[in-house]
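Heads up: the structure comes next, in structure tokens.
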Amino acid sequence: MRHKSARKWFNLLMLGLNSLGAGIAIVIVCLMLGYIIAHGLTFINLDFITGSAVPAGQPGGGMHNEIIGTLILVGLGSIIAVPIGLFTGIFLSEFGTPFTVSVVRFATDILAGVPSIVVGVFAYAIIVKPMHSYSAFSAGAALAIIMIPVVARTTEESMRMVPGSMREAALALGITRWRAVVSVVVPGALAGIVTGVMLGVARISGETAPLLFTALGNSFGYSGLGSPIGALPLQIYRYALSPYKNWQQQAWAGAFVLVVLVLIISIAVRWLSRKRRV
Amino acid sequence: MDTTKQTETTGSRSFSGNKGYILKAENLRAFYGAFLAVKDVNLDIKPKSITAIIGPSGCGKSTLIRCFNRMHEVTHGARISGKVLLDGEDIYTPGIDPVSIRTRIGMVFQKPNPFPTMSVLENVVAGRRLTSVLSKRTEMEEIAEKFLRQAALWDEVKDKLKQSGASLSGGQQQRLCIARALAVEPEVILMDEPCSALDPIATLKIEDLMRGLAKDYTIVIVTHNMQQAGRVSDMTAFMMMGDDRAGGLIEFGRTDQIFTNPKDKRTEDYITGRFG
Chain A
0 MRHKSARKWF NLLMLGLNSL GAGIAIVIVC LMLGYIIAHG LTFINLDFIT GSAVPAGQPG
60 GGMHNEIIGT LILVGLGSII AVPIGLFTGI FLSEFGTPFT VSVVRFATDI LAGVPSIVVG
120 VFAYAIIVKP MHSYSAFSAG AALAIIMIPV VARTTEESMR MVPGSMREAA LALGITRWRA
180 VVSVVVPGAL AGIVTGVMLG VARISGETAP LLFTALGNSF GYSGLGSPIG ALPLQIYRYA
240 LSPYKNWQQQ AWAGAFVLVV LVLIISIAVR WLSRKRRV
Chain B
0 MDTTKQTETT GSRSFSGNKG YILKAENLRA FYGAFLAVKD VNLDIKPKSI TAIIGPSGCG
60 KSTLIRCFNR MHEVTHGARI SGKVLLDGED IYTPGIDPVS IRTRIGMVFQ KPNPFPTMSV
120 LENVVAGRRL TSVLSKRTEM EEIAEKFLRQ AALWDEVKDK LKQSGASLSG GQQQRLCIAR
180 ALAVEPEVIL MDEPCSALDP IATLKIEDLM RGLAKDYTIV IVTHNMQQAG RVSDMTAFMM
240 MGDDRAGGLI EFGRTDQIFT NPKDKRTEDY ITGRFG
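Top to bottom, those sequences are chains A and B. So for the first sequence, numbering that gives the first Met the number 0 puts the first residue at 0; every next one is plus one. So for the second sequence, numbering that gives the first Met the number 0 puts the first residue at 0; every next one is plus one.
The structure is reproduced here in structure tokens:
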């Protein structure tokens with residue numbers, strides 16, 4: 000009888016630990032979102048969205064230029080990373096031999112694991128340094144490096160989920176391998192590929208470390224791909240560390256905008272991936 | 000007709016010279032890596048006829064017909080030796096593009112596999128659209144109707160042409176796949192157990208369809224269903240796995256002869272249900 004009750008206690012303990020872990024995860028998300036929303040909503044206003052930064056100590060001002068800057072950088076990163084990631088994923092799923100696939104997959108895994116600050120330093124060394132200027136382009140390239148493995152692996156996985164019978168059906172009609180991939184396999188995997196791209200966008204829109212070495216920041220608005228550019232996470236970092244009340248409040252508002260952006264993307268991803276399962 | 004050492008095939012159908020067949024296998028062997036799956040098949044297939052390939056599971060029936068349209072080599076490590084002649088020309092001649100062979104020899108698979116991202120109409124014309132220059136929209140509809148009628152599917156789907164190919168019933172999907180294969184206008188259609196995933200009524204519809212199609216096309220059907228082979232085919236090939244685990248052709252002849260008066264003891268045992 001005694002060991003049976005010990006087993007029951009153990010069971011209960013494990014159940015408790017599991018529930019605790021799950022509970023903590025939910026509590027952290029709720030606390031963080033609640034905190035950011037509560038603070039952000041207090042300080043956000045039309046001026047924040049449409050206005051430019053003001054000198055320290057002055058009231059008002061906003062992050063208009065940084066919001067636009069983040070959109071430009073995410074767009075730039077995606078323009079570079081989506082084609083490369085897509086072709087890498089298609090190679091992994093359709094054209095690689097077992098050896099090349101294992102090499103490429105290992106490489107993308109390593110790339111995905113590189114700390115983002117290292118990516119920033121790397122972009123600094125190979126783009127900023129030779130060009131003698133911080134630039135939007137170098138920041139976009141750094142973000143692209145972070146995004147490529149995300150797009151590549153989700154593309155590969157969703158293409159592998161398309162049944163082999165579809166490829167056979169296409170080949171047996173006398174359709175070439177490449178045409179079959181483009182017209183049959185990719186459409187079948189499209190929802191998954193779009194999900195991967197959006198996951199990548201969500202990932203890079205909040206990256207700060209690589210921008211420190213590349214984008215630098217620019218409060219006067221976009222002035223070309225070869226010039227420094229402002230970005231939301233960068234400005235949040237600067238303002239949050241500043242001693243000025245107005246800037247700290249704006250950092251909260253900026254955090255709110257960033258979280259809403261990522262939240263919208265995450266919800267879109269969930270909606271898309273649910274559609275895929277049907 | 001060729002009579003080969005190991006098969007002792009029947010000479011019941013004689014064709015003069017090379018004119019009597021459209022498809023001919025000569026000493027055909029199929030490998031997966033080092034494994035010999037099908038050995039030394041010699042087979043003549045007469046134009047506008049239905050040839051059934053029967054035999055127990057794992058005897059290499061599917062592997063054999065996949066050699067006929069070069070789909071066998073799609074599997075990693077798979078290869079063949081010997082010859083497969085289409086209209087007297089070896090389809091394995093170096094320099095011949097397997098893709099062009101597959102437009103001349105179509106294939107219908109065991110499980111219906113319409114493209115789920117395409118509509119019924121797009122499925123029918125998929126082979127044409129993706130192998131050649133884009134045809135005009137109206138032309139596509141004409142082509143689709145023509146081949147859906149040939150596949151005895153038109154009346155059932157004429158109001159569903161815009162729906163996904165995957166929304167049809169299993170039997171309809173398989174006839175859609177047949178229409179899709181026909182639309183490329185092949186000379187030969189290979190069918191790999193096309194009815195094994197279907198109910199008896201859908202199966203009968205496909206069999207009727209095959210009889211009709213045999214007026215214009217050459218059909219080779221793999222089936223594990225002997226009654227089906229008896230119902231639809233003109234010629235029957237019986238295959239069996241040997242002691243070396245490689246499948247070989249045991250007997251080939253007219254279907255009525257194979258079923259009523261088989262020459263080989265093993266064919267008789269299989270036909271009469273003693274094994275398999």
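Glycine included, every Cβ here is placed at the ideal spot set by N, Cα and C.
Closest to residue i by CA distance: which of the options is it?
| i | options | result |
| --- | --- | --- |
| residue 138 of chain B | B:150, B:30 and B:121 | B:121 |
| residue 149 of chain A | A:87, A:35 and A:177 | A:87 |
| residue 127 of chain B | A:125, A:258 and A:182 | A:182 |
| residue 58 of chain A | A:65, A:68 and A:46 | A:46 |
| residue 233 of chain A | A:68, A:5, A:31 and A:129 | A:68 |
| residue 240 of chain B | B:260, B:156 and B:40 | B:40 |
| residue 200 of chain A | A:168, A:160 and A:146 | A:146 |
| residue 238 of chain B | B:55, B:142, B:168 and B:125 | B:55 |
| residue 262 of chain A | A:192, A:215, A:36 and A:76 | A:36 |
| residue 111 of chain A | A:39, A:190 and A:80 | A:80 |
| residue 288 of chain B | B:161, B:34 and B:222 | An answer regarding residue 288 of chain B cannot be provided, because it is not within the stretch 0 to 275 covered by chain B. |
| residue 191 of chain A | A:170, A:253 and A:159 | A:159 |
| residue 170 of chain A | B:130, B:242, B:110 and B:81 | B:130 |
| residue 224 of chain A | A:24, A:61, A:20 and A:130 | A:130 |
| residue 19 of chain B | B:170, B:84 and B:263 | B:84 |
| residue 218 of chain A | A:33, A:28, A:12 and A:66 | A:66 |
| residue 270 of chain A | A:198, A:203, A:236 and A:208 | A:198 |
| residue 50 of chain A | A:242, A:61 and A:189 | A:61 |
| residue 274 of chain B | B:227, B:228, B:38 and B:223 | B:223 |
| residue 114 of chain A | A:141, A:231 and A:204 | A:141 |
| residue 283 of chain A | A:94, A:125, A:104 and A:230 | Because chain A spans 0 through 277 in this model, residue 283 of chain A falls outside it and cannot be assessed. |
| residue 72 of chain B | B:28, B:151 and B:271 | B:28 |
Going by the DSSP bridge assignment, what does residue i pair with across the sheet?
| i | result |
| --- | --- |
| residue 77 of chain B | B:31 |
| residue 43 of chain B | B:23 |
| residue 82 of chain B | B:25 |
| residue 297 of chain B | Only positions 0 to 275 of chain B appear in this structure, which leaves residue 297 of chain B out of reach. |
| residue 258 of chain A | Answer by DSSP bridge pairing: none, since residue 258 of chain A is not bridged. |
| residue 50 of chain B | B:219 and B:234 |
| residue 222 of chain A | Bridge partners of residue 222 of chain A: none, in fact. |
Residues of chain A with CB closer than 9 angstroms to the CB of residue i, please, in chain order.
| i | result |
| --- | --- |
| residue 99 of chain B | 173 |
| residue 179 of chain B | 168 and 172 |
| residue 105 of chain B | 171, 172 and 173 |
| residue 260 of chain B | Going along chain A, no residue has its Cβ under 9 angstroms from residue 260 of chain B, so there is no contact; the nearest lies around 36 angstroms. |
| residue 125 of chain B | 168, 169, 172, 174, 182 and 183 |
List, in order along the chain, the chain B residues whose C-beta lies closer than 7 angstroms to that of residue i?
| i | result |
| --- | --- |
| residue 178 of chain A | 129 |
| residue 22 of chain A | In chain order: nothing, as chain B lies at least about 41 angstroms away. |
| residue 182 of chain A | 129 |
Confirm, please, whether the CB-CB distance from residue j to residue i is below 8 angstroms.
| i | j | result |
| --- | --- | --- |
| residue 194 of chain B | residue 205 of chain B | yes |
| residue 207 of chain B | residue 48 of chain B | no |
| residue 108 of chain B | residue 78 of chain B | no |
| residue 102 of chain B | residue 46 of chain B | no |
| residue 246 of chain B | residue 24 of chain B | no |
| residue 194 of chain A | residue 272 of chain A | yes |
| residue 42 of chain A | residue 252 of chain A | yes |
| residue 188 of chain B | residue 86 of chain B | no |
| residue 135 of chain A | residue 70 of chain A | no |
| residue 52 of chain B | residue 219 of chain B | yes |
| residue 231 of chain A | residue 211 of chain A | no |
Under 9 angstroms between beta-carbons, which chain B residues line up against residue i? List them in chain order, please.
| i | result |
| --- | --- |
| residue 158 of chain A | Here the premise fails: no neighbours, minimum Cβ distance about 13 angstroms. |
| residue 187 of chain A | 114, 115 and 116 |
Cβ of residue i less than 8 angstroms from any chain D Cβ?
| i | result |
| --- | --- |
| residue 55 of chain B | Of the protein chains in this structure, namely A and B, none is chain D. |
Name the chain A residues that come within less than 7 angstroms of residue i, Cβ to Cβ?
| i | result |
| --- | --- |
| residue 110 of chain B | 164 |
| residue 102 of chain B | 173 |
| residue 68 of chain B | 171 |
| residue 219 of chain B | In chain order: nothing, as chain A lies at least about 13 angstroms away. |
| residue 183 of chain B | 172 and 173 |
| residue 187 of chain B | Those do not exist, as residue 187 of chain B stays about 12 angstroms from chain A at its closest Cβ, beyond 7 angstroms. |
Can we count residue i as close to the ligand MN, meaning its CB is less than 7 angstroms from some heavy atom?
| i | result |
| --- | --- |
| residue 44 of chain B | The ligand MN is not part of this structure, which contains no ligands at all. |
Quick one: which chain A residues come within Cβ less than 8 angstroms of residue i?
| i | result |
| --- | --- |
| residue 119 of chain B | Within 8 angstroms Cβ-Cβ: nothing; residue 119 of chain B doesn't reach chain A, min ~15 angstroms. |
- [ ] Could you tell me which uninterrupted alpha helix (DSSP H) segments, each at least 4 residues in length, are contained entirely in the region 63 to 88 of chain A, listed from first to last along the chain?
- [x] none
Task: Whole beta strand (DSSP E) elements within the region 186 to 250 of chain B, 3-residue minimum - done: 187 to 191, 217 to 221 and 234 to 240
Open item on the list: Quick check for students: name the residue ranges of the beta strand (DSSP E) that lie wholly in the region 112 to 181 of chain A, counting only runs of 3 or more.
Closed with: none
Task: Every unbroken alpha helix (DSSP H) within the region 90 to 124 of chain B, with a cutoff of 4 residues, ordered by chain - done: 97 to 103
Task: Contiguous alpha helix (DSSP H) assignments of at least 4 residues, all confined to the region 224 to 269 of chain A - done: 231 to 240
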